Each structure stands twice: as structure tokens, then as C-alpha cells.
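Before any comments, here is the structure.
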Amino acid sequence: MATGLDRLKHIVVLMMENRSFDHMLGSLKAVNAKIDGLTGTEVNPDTTPAQNPVPVRPLAEFQGQLDPDPDHHFPAVDIQIFGGDKSQNRTANMQGFVKSYFNQRRDVQHSQKIMYYFTRDQLPVLTTLALEFAVFNRWFASIPGPTICNRAFAHYGTSFGRVDLNPLYINEPFKSIYQRLVAAQHTAKVYYYDTTSSTMEVANLLQNQPKLFGTYAQFLQDCKRGQLPEYSFIEPNYSDHDTDSGEEIANDQHPDHHVQAGELFIATIYNAIKQNPDLWESTALLIVYDEHGGIYDHVVPPACTADQFTASANATETGMEFKFDRLGVRVPAVLVSPWIPKGTVVDRVFDHASIPATVTRFFIGDYAPRSPRETNADIFIEPNGAPADPARNLLSLTAMRTDCPDFDA
Amino acid sequence: MTLIHVPKPPRSAVNQQRPVSSLLTTQIEHFYLAEKRLPLRYRTRIYTNAIRTEAEAARYIREVTDAIHRAHDDAARSRDRQTPRRTRVIDIAAVAEDRPLRKASTKRKAKKKSAQKSAKKTSAKKRTSRK
């Protein structure tokens, strides 16, 4: 029997900034026990000689709390995951978040805020979508490091050996998902918020293929007119700035940007798709965060297939080389479609390499060359045309839901 | 269907004078590298090391983004202008024939002129020596 997968024509990915799963969705364990959120007993030691336990607390604020911006560069994330242990046989324990944040301001009280999380009612958009559609219990950042290299995995399936913010991805061996799709006569677009916020993908794509880009205003128009490409990647607004029509607030949710602005942004994207019935019926929207931003999460990132690149000990700044054989910290990820059963919780392991892996398999099929990381990444939408494995097909309903929520955004 | 209220952030949440984050600093670096690859006429006159606030970062990023699009649009336009000629074989052939001829004739003229000049000089020298 035909399922929602057979109707799927568009995949939209919205990648937000710098929040961990527990920070945003940890409270949902109390609502749905299948969601691997917080029990309230999770702790990290503080930096006093007594190493007092600092518990997670539902005290996160929308703005002004995480100042300075928690460190999420490779050496800091290494401390967060391994608790500061640098020995050969160390074990990941997620016990170094308070220690890492303390290193920035040397303030014991302030360092505890890294353990704070939002309540369900504070984030009505993200938590509603997580409860109504599919939430991923095991979606991790691709690298225990910062934004650019993690976003590179969403575009290329690899960061070409980089664990930092280095922008130079030129003449690299693997094509971006957009280049692959266009070459195969498919349509793809990166929608950045506006030219003032622009893109984090400038080093390669904007310089060489500016026609792949559009603005958020164009995204809204494309939704309205039914002209959305087969694959869309949306970037939020990265800065507070003036435009011809007034002041724009950053909505990427990167600390210290206001979290409610991001909530509103997610809701407007959902609405834009939902308000066009043809599009709503044929689109899957993935909302995911690029990395955890140095904020606490309790799930240990698993080992993964090594990439073909190695970051040197100098590049990692930890005294140890990195073979890209461990994922980064867990991030919120939610898949939205009216063909997904309400309350779906996915336990399979994903990272951002799953994005080009899924989109390539769905629209193109077999494709080479791709990075080892992408080749081995799991896919979150089953391949187009092939008989879907019912256990893996998230768009499994045979009749479209009519009970999906609306937002007054 | 449930209608869910989405609260808006307060106006006070906007702060264009907020110091740039490491992410925005990186974005500026990316755009600086991109700008350096543009022809001179498209480059901004903004000193990126002096950028401190989100508003300043935003202004620079907008100018370079616009410049990248403009540079590509201009290149596409000039490509379009050239394309029709290339498709017409006869024209290309005609042009190909014309150019060397013109060059040759110019060269010949130049040779002729310099020959005339040197002839004049020689005859003038002869006249002087005679004097």
C-alpha cells in the first residue's frame, strides 16, 4: 500500500545554531518516556576541590544567560566529552561541561548555567513539532567542534579533514549536494536569510555558484507559488541588523541571540509549507542544529566510521590527532511531515553526513565519489522508488494526517 | 487542529551593538577571502580588522555578498554578449580574416613610415655634410 514516502517530492533542511538536545528538548522525557531527555538527576562536577555535583535545572533563559558564548572549539569539546581526561585509555563521560565553561570566566556560580535547560512551555514550536512528528534520540553533530566544519558535513558529507573554522574548501575531492543535484538535472537551493546575514557557505559555493542561492523572502514566495526546489537548505539570520524595511533580529538561536526569535522563524517556515496544500502533502522538513554550542548533553557521542582524512595534533590543539572516528555532541533534530505518525521517536544514529546521504539516495540513487563518513551515514528518508522497509520508513502513514498543529506566527 | 501561540521576542532583544561572536568573526574572514578574489572594482573599502559589532559585520557581509552577485551577473552579461558571435561561423571566419589583415597593413604602414623617415634623415644628413 502506498505511503507518504510515495508522495514525497521536496526535502527542506533548516539548520539552526549551537544548542544541545538536552538544553532544548530534554524536558520532553517527562511527556514521552521514549524521548531520551533528562530525568533531573544528571550532574557534572564543579571546579571546587570538593567537586560538588551541579545538577541539570530547568532555568534556561532566552537571552543574557550564556555570556560569554560557551566554548565549542575542538579542545573545549574534548574537555566536555572526556571530563578533561587526556590519558590514552580515557572514556567519554560527558562530565566536563561545567569545567569547560568555568575556564572562560573563572566563576564557579556562572559555570553552572551550562547545565540549564528549557521547559516545554518556553519552546512551544520546537517541542510541539518534536511531540507531534518524529524526534531523533541519536542525532549528533558530525564533529566535536565548531560551526563551519559541522555545517560542511551537511553540504559535502565531510569537512575535508578540518576541525576548525577554516573556510577553504576549494578544489576538494567531493562535490556538494547542490552540485550533485544540479548536475543530475534536479533542483536545489540554499536560502540564506538576506544578503546582510548571507551564508556560512561562502568559501566555495557562493563564490563559484551564486545562482544556487536565494533569500528567505524568496523561499516564502517559492512556497506560495509552488516553486520550491526538490532540495532546499535554509540558513537563519546570523546577526541583528538594519534592512530597508527596518530592523531584523538574529533568529539563529546562537548564544546570546534571543531563542524566541528562532522559535518564530521555525514556525514561519512550517507555516509557509503547510499553507500550500500541494507542498504540505509532498514535503519533509528537517529541523536540526549544527552543534551543541558547548551546552550540556548527557548522551555520550558514539564512535563512527573514520573519514579518509586525519586532523593533526596541532590542528586539534589537544596533542592528539583525530581521525573523524567519533561524532560530536547530540543536537535537536525533528522531522516534520503529515505522513509521520504522531509521537514518533527514532533511535537510530545520525549525524549531518546523513543529510547529503539521504538527499543523494532519494533524488539521485547510487552516487560516487562520496566521503567514507557519508557513505556509511544512515539515511532518514528511504530511497525513492524502492519498496520501503516499514521499520525504517518514517513517512509510513497511508492517509495524510489532518490533526497537525498550526502556529500563530 | 490546534492553534499554538508563538510569543514574539521583546524589542529590547535586538542589539546591533553586540560584539561579534567567533562565528561572525569567522564569517567576516570568509568574506574577506572571497572579496580578495574579486576584481578590484567590486571590492569594498571596509577595513575588516576594525569590525567590532554585529551591525558593522552585517554591513560588510552585505556589501561583499552583493559584490559577489554583481560580479557574477556582469560576467554572465558579458558572456551573453559574446555568445551570439561565436555561434555564427561566417562572422567568426570574417573576423578571423579581417584582423590579421588589418594588423599586417598597420605594420606595413608603420614600416613604410619609418622607412620614409629614415630616408628623409639620410638625405638631410647628406645635405648637412655637403654644407
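Protein sequence lines, in the order shown, are assigned to chains A and B. Note that the working numbering gives residue 162 to position 162 of the first sequence, counting from 1, and the numbers run on in steps of one. Note that the working numbering gives residue 514 to position 105 of the second sequence, counting from 1, and the numbers run on in steps of one. Cβ atoms here follow ideal geometry from the backbone N, Cα and C, with glycine treated the same way. Since the model is a prediction, treat every value here as computed from it, not as a measurement.
Considering only the alpha carbon of each residue, which of the options lies closest to residue i?
i	options	result
A:Q88	A:Q275, A:E321, A:P390 and A:G40	A:E321
A:S197	B:R488, B:D483, B:D475 and B:R471	B:R471
B:V415	A:G96, A:Q112, A:C149 and A:V125	A:V125
A:Y101	A:Q253, A:Q95 and A:S111	A:S111
A:I79	A:G145, A:Q227 and A:N204	A:G145
B:K383	B:A476, B:A467, B:T462 and B:V429	Any property of residue 383 of chain B remains undetermined from this structure, which presents chain B solely from 410 to 540.
A:S354	A:A333, A:K86 and A:V345	A:A333
A:L285	A:R180, A:K29, A:F380 and A:L25	A:F380
A:A50	A:T3, A:G4 and A:V108	A:V108
A:L205	A:L394, A:R151, A:I81 and A:N52	A:R151
A:K211	A:M94, A:A188, A:L66 and A:N137	A:A188
A:R410	A:A306, A:A315 and A:T318	Here chain A comprises residues numbered 1 to 409, so residue 410 of chain A is not present and cannot be evaluated.
Could you give the distance in angstroms between the alpha-carbon of residue i and the alpha-carbon of residue j?
i	j	result
A:G365	A:N384	8 Å
A:V288	A:P58	22 Å
A:C404	B:I413	11 Å
A:R105	A:D69	11 Å
A:Q209	A:L38	43 Å
A:Q23	A:P302	Rather than Gln, the amino acid found at residue 23 of chain A in this sequence is His. Taking the straight line from one Cα to the other gives about 19 Å.
A:I234	A:L14	5 Å
A:D297	A:H10	32 Å
B:T515	A:A183	Here the model assigns B:T515 a pLDDT of 49, short of 50, so the residue's position is not dependable, and the following value carries that caveat. Answer to the nearest angstrom: the Cα atoms are 48 Å apart.
A:R7	A:R401	13 Å
A:N276	A:F407	15 Å
A:A388	A:D278	22 Å
A:W139	A:E230	23 Å
A:M200	A:F363	25 Å
A:Y117	A:D71	17 Å
B:A453	B:Y469	Residue 453 of chain B is actually Thr in this sequence, not Ala. Looking at the two C-alpha atoms, the distance is approximately 8 Å.
A:R361	A:V56	39 Å
A:A217	A:Y191	9 Å
A:I143	A:G328	4 Å
A:R330	A:A76	15 Å
A:Y178	A:S159	16 Å
A:E61	A:L123	11 Å
A:P390	A:S396	7 Å
A:T310	B:R490	47 Å
A:Q399	A:L5	It should be pointed out that residue 399 of chain A corresponds to Ala in this sequence rather than to Gln. Looking at the two C-alpha atoms, the distance is approximately 11 Å.
A:F324	A:G293	19 Å
A:Q308	A:K34	35 Å
How is residue i classed by DSSP in three states: helix, strand or coil?
i	result
B:Y456	coil
A:W280	helix
A:L66	coil
A:R19	coil
A:E479	Beyond the ends of chain A as shown, which are 1 and 409, falls residue 479 of chain A; an answer cannot be given.
A:P53	strand
A:Y117	coil
A:D242	strand
A:G214	strand
A:N32	coil
A:D290	coil
A:V406	According to the sequence as given, residue 406 of chain A is Asp; it is not Val. Three-state result, A:D406: strand.
A:P255	coil
A:F133	coil
A:V299	coil
A:D78	helix
B:R471	helix
A:F97	helix
A:K189	strand
Using a Cβ-based criterion (distance less than 8 Å to any ligand heavy atom), does residue i qualify as near the ligand HEM?
i	result
A:P369	Here there are no bound small molecules, and the ligand HEM is not part of this structure.
Residue i and residue j look like a contact to me (Cβ under 8 Å); what is the Cβ gap, rounded to whole Å?
i	j	result
B:L432	A:Y238	7 Å
Please name the residues in the region 438 to 457 of chain B whose beta-carbon is closer than 8 Å to at least one beta-carbon of chain A, in chain order. Listed in sequence order: E438, H439, F440, L442, A443 and R446.
Tell me which residues of the region 207 to 236 of chain A have at least one Cβ-Cβ distance to chain B shorter than 7 Å, keeping chain order. Residues Q207 and P210.
Select from the region 468 to 490 of chain B all residues with a C-beta closer than 7 Å to any C-beta belonging to chain A, and list them in chain order. Hits within the stretch, in order: I470, R471, T474, D475, I477, H478 and H481.
For the region 47 to 69 of chain A, which residues have a beta carbon sitting closer than 8 Å to at least one beta carbon of chain B? Answer in chain order: F62, Q63 and D69.
Along the region 385 to 409 of chain A, what residues have a CB closer than 9 Å to any CB found in chain B? Result list: T402, D403, C404, P405, D406, F407, D408 and A409.
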